[in-house]
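Have a look at the structure below, then the notes.
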Amino acid sequence: YALKSHPGRKLMDSIRKPEDIAKFGFSVLTYSGHEFAKDTLGSKGVRLIETGSVEGMYKMLAADRGDCIVEMADLAKSNLIPLGYSEEILPTKGSIAGSTFNILISKKSAFVGLAPLLSQALKKMYEDGIIDRIMEKYK
Numbered sequence: 419y420a421l422k423s424h425p426g427r428k429l430m431d432s433i434r435k436p437e438d439i440a441k442f443g444f445s446v447l448t449y450s451g452h453e454f455a456k457d458t459l460g461s462k463g464v465r466l467i468e469t470g471s472v473e474g475m476y477k478m479l480a481a482d483r484g485d486c487i488v489e490m491a492d493l494a495k496s497n498l499i500p501l502g503y504s505e506e507i508l509p510t511k512g513s514i515a516g517s518t519f520n521i522l523i524s525k526k527s528a529f530v531g532l533a534p535l536l537s538q539a540l541k542k543m544y545e546d547g548i549i550d551r552i553m554e555k556y557k
């Protein structure tokens, strides 16, 4: 994500790995406790600018105090819209990693036996396009 007016947006669109961010000299705004940024970006020489909060990260980008934010689209949208930045901070075509989420159920939970059924149901929902239709409502 970067400002719509950022002069380096075309370069950002070509980013495919953390080293590309470092090579192009872009700074990445992040927030305290965002270990992905430290482990994946900072370790590759990317200049990180750390803020105290997720909200602060978006506010700093809107104030042009960094070049970009590396964030999953769904998480970014859930912050950009309430902060009123969804028209000025836009996704780039650059991508450096994918993420997966897992539902954690304690081995002591009465529901632990349902985990395989839940996995099957979610897989079918992805295959049938139901998850995509649900996610589309929140874009």
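Here the sequence shown is numbered in my numbering, starting from 419 and rising by one per residue.
Where a beta carbon is used, it is the ideal one built from N, C-alpha and C, also for glycine.
Since the model is a prediction, treat every value here as computed from it, not as a measurement.
For R483, there is no enclosing beta strand (DSSP E), as DSSP marks it with neither H nor E.
Sequence-distant partners of E489 (beyond 5 residues in either direction) whose C-beta falls short of 7 angstroms from its own C-beta, in its chain, are Y419. At least 9 angstroms separates the beta-carbon of R465 from that of A481. Cβ-Cβ distances below 8 angstroms link L536 to I521 in the same chain, with the five nearest sequence neighbours on each side left out; the list follows chain order.
For F442, the closest alpha carbon among the candidates G463, K456, E453, D457 is that of G463. Note that the C-beta distance between D438 and T510 is not below 9 angstroms.
For L498, the uninterrupted alpha helix (DSSP H) run begins and ends at 491-501, by DSSP.
In this structure, the CA atom of I499 is about 23 angstroms from the CA atom of P425.
Judged by DSSP in its simplified three-state form, I467 adopts strand. Spanning the alpha carbons of L459 and P436 requires a straight line of approximately 6 angstroms. Annotation: S527 to Q538 spans about 19 angstroms, alpha carbon to alpha carbon. Contact between R434 and S513 is confirmed by a C-beta separation of about 7 angstroms, below the 8 angstroms threshold.
Considering only Y544, G474, V446, L532, the residue with the shortest C-alpha distance to I487 is V446.
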